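To start, the structure under review is shown below, and the notes come after it.
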Ligand code: H2P
């Protein structure tokens with residue numbers, strides 16, 4: 171009865187000792203208790219890894235407290251919620267980020283040091299959660315941090331891959347891929363919810379049934395697996411709000427296979443069931459082009475189905491009418507990967523909830539929004555109709571119906587322009603019939619976003635031109651951003667302290683616009699001295715890492731010049747390497763006296779190539795071959811070094827970015843949708859050498875073209891240059907360095923041939939040859955600026971001062987106000 175429940179609640183309340191305490195002594199007790207009772211080691215004897223585990227559990231306890239409070243607050247106040255659907259999240263490490271966001275970093279450091287441990291050393295024990303490929307996935311992680319910090323009522327949904335992005339191992343200069351079984355050592359940051367499970371169904375047939383005298387088509391699935399939730403708390407900074415990132419893992423289901431058991435083949439049926447788990451096993455490397463892979467499609471639907479069941483259940487617990495759905499729920503499609511959600515929600519609303527088609531469709535269009543991260547049409551996802559029809563027969567019918575209605579509506583607007591109709595159709599006709607996922611996402615969403623201004627302009631003029639002309643009001647851009655909590659506060663503590671000192675406040679950690687205040691001190695020589703020291707400290711860290719990893723000793727006086735990102739032809743790491751060869755060649759041909767004026771460089775390249783991407787792998791090998799030649803040339807000494815940093819990931823980035831003087835962003839104009847690496851370097855006072863591509867255009871607006879080194883063809887020139895083909899003017903130096911590679915100067919002559927072919931006159935799609943001249947000029951300008959330390963430091967300060975606009979807080983606020991229509995909901999203390 172009520173009385174009994176109240177008595178129980180009162181008892182609980184008195185038993186509760188208030189919130190966990192954060193003074194060093196309480197933290198020590200907690201850590202030791204976790205050593206003893208969670209890790210099950212003796213508190214008198216445990217190593218660094220065990221200390222890390224215990225420490226993480228004590229941090230996690232604090233996260234859980236806030237997590238509970240936040241979610242009961244949301245439950246009570248029922249704000250409109252955002253559900254961020256993404257198949258990739260690159261979270262990296264959680265420990266430092268968590269204690270900083272919780273605001274108890276100093277207390278933990280003190281607590282540990284009294285126990286004889288160093289926080290930083292324990293933090294190094296943590297492995298990366300690498301559940302994503304590159305920019306898109308790290309963006310999702312930054313955006314979760316901003317959603318939590320800005321108090322937005324949001325949830326993230328993703329997949330709990332057991333194998334994250336492969337580990338890159340370099341053998342003899344070649345990339346090898348090794349599985350990243352990241353859960354081997356446990357993952358203290360997740361909470362397994364064995365009770366939050368949903369059945370996800372596949373295959374089967376569609377049957378017609380009678381509901382109150384009406385014919386209804388329903389899906390009779392043939393197979394099912396169970397989705398189990400793993401919750402990962404995402405703490406905001408300077409707020410109690412702690413959001414949830416719910417990742418799904420596949421487990422065998424107990425339903426559907428009774429028959430197999432009854433046939434008596436027990437062992438085989440158990441073994442068969444294990445196949446269910448493979449659905450969430452492995453992350454597909456490279457974020458595009460998995461066309462025709464059944465497992466990939468299964469992953470997508472598994473993700474969509476589990477997430478939507480969870481979302482609809484939560485909605486129904488609080489509201490009783492689907493008319494309210496658009497006022498209470500925003501569903502965001504992070505790229506096309508989760509866009510089957512549109513068909514799934516129609517199936518739920520029409521087949522299960524028995525809403526009329528039109529009403530359901532209006533609701534769907536209002537709840538969904540979509541962001542695309544790609545530029546070119548070839549990069550867009552397609553799913554073969556045959557595959558979809560066999561795995562999800564009812565969804566295929568729904569997709570056909572959506573497309574039929576869309577085509578009819580379109581005909582009314584544009585008439586019988588069959589070319590345009592066929593371009594816009596969700597179903598692509600041809601030898602293989604496909605579902606175009608981007609077209610589906612555009613048709614089913616009320617807002618379509620690009621990730622930079624230039625990106626949206628490009629989409630409007632090319633890839634999505636037809637759609638833009640039909641629905642101009644649907645198209646928006648939200649320039650990407652990165653979180654200053656991770657990319658300055660966590661990864662560059664010295665810079666963080668310096669900024670707070672000179673701004674006289676830490677408020678910039680929640681409001682990055684305040685960084686403009688640094689402009690007031692841009693001429694102050696004391697500030698310059700301290701700025702220089704900070705860079706030096708970070709270069710030292712990086713130099714130590716480079717030596718430990720590659721044996722190459724580098725000089726701290728050299729310019730640290732970095733290009734780190736996925737290896738891709740359009741990102742033009744090859745251009746960088748050819749530039750390095752040119753530099754080496756010049757040095758070799760230079761008078762010894764002239765060498766004294768040369769700025770020493772440490773060139774650093776890092777990034778993974780998709781396992782099946784041959785040319786990208788050759789670029790990695792070339793980098794190693796060139797490095798071997800240069801680094802072993804005693805005559806060159808410290809004037810030039812080249813190092814490849816293997817297995818680039820979030821935690822490596824945290825080390826590399828603060829230590830860079832110069833960073834390179836070389837994509838052929840019009841190919842990088844946004845770029846987010848550049849923003850992290852900008853925040854760390856590293857100067858950019860870049861093309862006017864993606865978000866760099868906006869960086870220029872913010873810091874002025876004098877404060878970075880620009881080069882290369884502009885977007886509007888690219889098409890014309892390509893047309894010129896073999897009549898294009900290519901600088902002699904380009905032909906010369908390319909010849910060196912072709913002639914086997916760096917060995918592996920045969921192997922590098924096909925790589926060289928990609929940039930031969932007439933075939934040079936990414937325009938390395940025609941951009942080479944201006945690339946070298948920009949490099950020379952960087953050298954010139956570097957020998958004027960005053961000037962360099964000012965440029966560096968102005969870079970950080972202008973980086974506020976590239977905080978993911980700004981991005982998220984724009985999404986919240988213009989797309990999702992959600993408002994902050996701050997959990998009280
Ligand atoms: C991608 C785009 C970038 C963009 C990022 C996030 C797919 O990441 O190419 O231009 O900034 O998404 O929107 P990347 O190539 O860095 O892996």
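In UniProt numbering, the protein residues as written are 171 to 999.
Just so you know, even glycine gets a beta-carbon here, dropped at the ideal spot from N, CA and C.
Since the structure is predicted, the reported quantities are computational estimates derived from the model, not experimental observations.
Assignment of alpha helix (DSSP H) within the region 952-995, counting only whole runs of 4 or more residues, yields 959-971 and 978-984 in chain order. Listed as beta-bridge partners of residue 300 by DSSP are 260.
For residue 784, the closest alpha carbon among the candidates 751, 773, 775 and 738 is that of 738. Less than 8 Å divides the Cβ of residue 863 from the Cβ of residue 840.
Around the Cβ of residue 349, a 10 Å sphere holds fewer than 16 other Cβ atoms; the residue is exposed. In terms of side-chain proximity, the C-beta atom of residue 842 is found nearer than 7 Å to a non-hydrogen atom of the ligand H2P.
Minimum Cα-Cα distance from residue 765 among the listed residues 809, 279, 779 and 179 corresponds to 809.
Taking 7 Å as the cut-off, one finds no heavy atom of the ligand H2P near enough to the beta carbon of residue 326. When 628, 420 and 267 are compared, the shortest CA-CA separation from residue 399 is found for 420. Beta-bridge analysis with DSSP links residue 388 to 377. Between residue 731 and residue 832, the gap from beta carbon to beta carbon is short of 8 Å. Here residue 452 is bridged, per DSSP, to 333.
In this structure, residue 736 has its CB closer than 7 Å to one or more heavy atoms of the ligand H2P.
Beta-bridge analysis with DSSP links residue 772 to 730 and 811. CA-to-CA, the gap between residue 178 and residue 652 works out to about 46 Å. The C-alpha of residue 658 is placed about 32 Å away from the C-alpha of residue 883. Per DSSP, residue 173 lies in no beta strand (DSSP E) segment; the continuous alpha helix (DSSP H) that holds it begins and ends at 172-185.
When only Cα atoms are considered, residue 551 and residue 461 end up about 7 Å apart. Pairing residue 638 with residue 671, the inter-Cα distance amounts to about 48 Å. Three or more beta-carbon pairs separated by less than 8 Å link the region 507-517 to the region 557-569, which places the two stretches in contact.
The count of Cβ pairs closer than 8 Å, one atom from the region 323-333 and one from the region 265-278, stays below three, leaving the stretches out of contact.
When 916, 443, 564 and 628 are compared, the shortest CA-CA separation from residue 375 is found for 564. For residue 881, the CB contacts under 6 Å within the same chain, skipping 5 residues up- and downstream, are 944, 945 and 948 in chain order. Non-local C-beta neighbours of residue 389 in its own chain, meaning closer than 6 Å and more than five positions away in sequence, comprise 376 and 564, ordered along the chain.
Closer than 7 Å to some heavy atom of the ligand H2P: that describes the Cβ of residue 543. Around the beta-carbon of residue 935, fewer than 16 other beta-carbon atoms lie within 10 Å, marking it exposed. Taking 7 Å as the cut-off, the C-beta of residue 558 does not count as close to any heavy atom of the ligand H2P. Boundaries of the beta strand (DSSP E) around residue 552: 552-554. Residue 576 is positioned such that its CB atom lies closer than 8 Å to that of residue 613.
In terms of CA proximity to residue 369, 477 leads the group 477, 403, 436 and 302. Nearest in C-alpha terms to residue 955, of all of 975, 816 and 768, is 768. Each of 356, 716 and 779 was checked against the Cα of residue 735, and the nearest Cα belongs to 779. Contact between residue 684 and residue 673 holds: CB atoms are separated by about 6 Å, below the 8 Å threshold.
A contact is defined here as three or more CB-CB pairs under 8 Å, and the region 496-505 meets this definition with respect to the region 250-257.
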